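A.B. asks: In the working numbering, the protein residues as written are 184 to 305.
Virtual Cβ for every residue (Gly too), placed ideally from N, Cα, C.
In this text, all values refer to a predicted model and were calculated from it rather than measured experimentally.
Provided herewith is a single structure, encoded as C-alpha cells, for subsequent inquiry.
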Ligand SMILES: [Zn+2]
C-alpha cells in the first residue's frame, strides 16, 4: 500500500503557521479520531483537514485532474480516498466536531488561509 497522507507537508505547515499567529492551541495527526485529522483544536471542537488537491480530488481545481496514463487505476484510488474522506467527516460531525477542509491550492495565499479560518474561529 502506498501512503496517501504525508506528515508535515508544507500546506499543513502553512496552515499551522496561521493558527499560531492567531494564538490557537492545536494538536496534529491525532490518532483515535476518524481519519487521523491533520489538525485538531480541542478547546474549540474544530478539526482541520489540509487536503492535497490531487489525492483528495479537488473539483474544478487545475491540480485536481487525473493523469493521462492509467486513468482508471488513478480514478479508483482517488475515488476510494474521496469516499473515505466523506465517511470520516460524517463520523466526526456525528461526534460533534466542526470540520474544516482547507485545500492545498488555498494554502498558497496566507490571506486565504486567514479568511477561511476566521469564518470558523471568531
Ligand atoms: Zn485545489
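(1) Would you identify the three-state DSSP class for residue 219, choosing helix, strand or coil?
(2) Please state if the CB of residue 198 and the CB of residue 222 are separated by a distance shorter than 8 Å.
(3) Does residue 299 pass the burial test, meaning 16 or more other C-beta atoms within 10 Å, or should it be called exposed?
(4) To the nearest angstrom, report how far apart residue 253 and residue 196 are at their CA atoms.
(5) Between which residues of its own chain and residue 207 is the CB-CB distance below 8 Å, once the five residues before and five after are set aside?
(6) Round the Cβ separation of residue 257 and residue 249 to the nearest angstrom and send it over; I've been treating them as touching at under 8 Å.
(7) Reducing DSSP to helix, strand and coil, say where residue 303 ends up.
(8) Using a strict less-than 6 Å threshold between each residue's beta carbon and the heavy atoms of ligand 1, what residues do you get?
(9) Apart from the five residues on each side of it in sequence, which residues of its chain come closer than 6 Å, Cβ to Cβ, to residue 240?
C.D. replies: Judging by the given coordinates:
(1) The count along the chain shown starts at 1 and reaches residue 219 at position 36. Residue state, collapsed to three classes: coil.
(2) Residue mapping note: residue 222 aligns to position 39 of the chain shown, counting from 1. Residue mapping note: residue 198 aligns to position 15 of the chain shown, counting from 1. Cβ distance < 8 Å, so residue 222 and residue 198 count as in contact.
(3) For the purposes of this step, residue 299 is taken as residue 116 along the chain shown, with counting starting at 1. By the Cβ-count criterion, residue 299 is buried, with 16 or more other Cβ atoms from all chains shown falling within 10 Å of its own Cβ.
(4) Within the chain shown, residue 253 is the residue found at index 70, counting from 1. Within the chain shown, residue 196 is the residue found at index 13, counting from 1. For residue 253 and residue 196, the distance between alpha carbons rounds to 31 Å.
(5) Position 24 of the chain shown, counted from the first residue, corresponds to residue 207. For residue 207, the CB contacts under 8 Å within the same chain, skipping 5 residues up- and downstream, are 224, 227, 304 in chain order.
(6) Counted from its first residue, the chain shown places residue 257 at position 74. Counted from its first residue, the chain shown places residue 249 at position 66. Between residue 249 and residue 257 the Cβ distance is about 5 Å, and since that is below 8 Å, they are a contact.
(7) As a working mapping, residue 303 is identified with position 120 in the chain shown. Here residue 303 sits in helix by DSSP.
(8) 236, 241, 244, 246, 247, 286, 287, 288
(9) Position 57 of the chain shown, counted from the start, is the residue given in the question as residue 240. For residue 240, where only same-chain residues beyond five positions count, the Cβ hits under 6 Å are 247, 261, 265.
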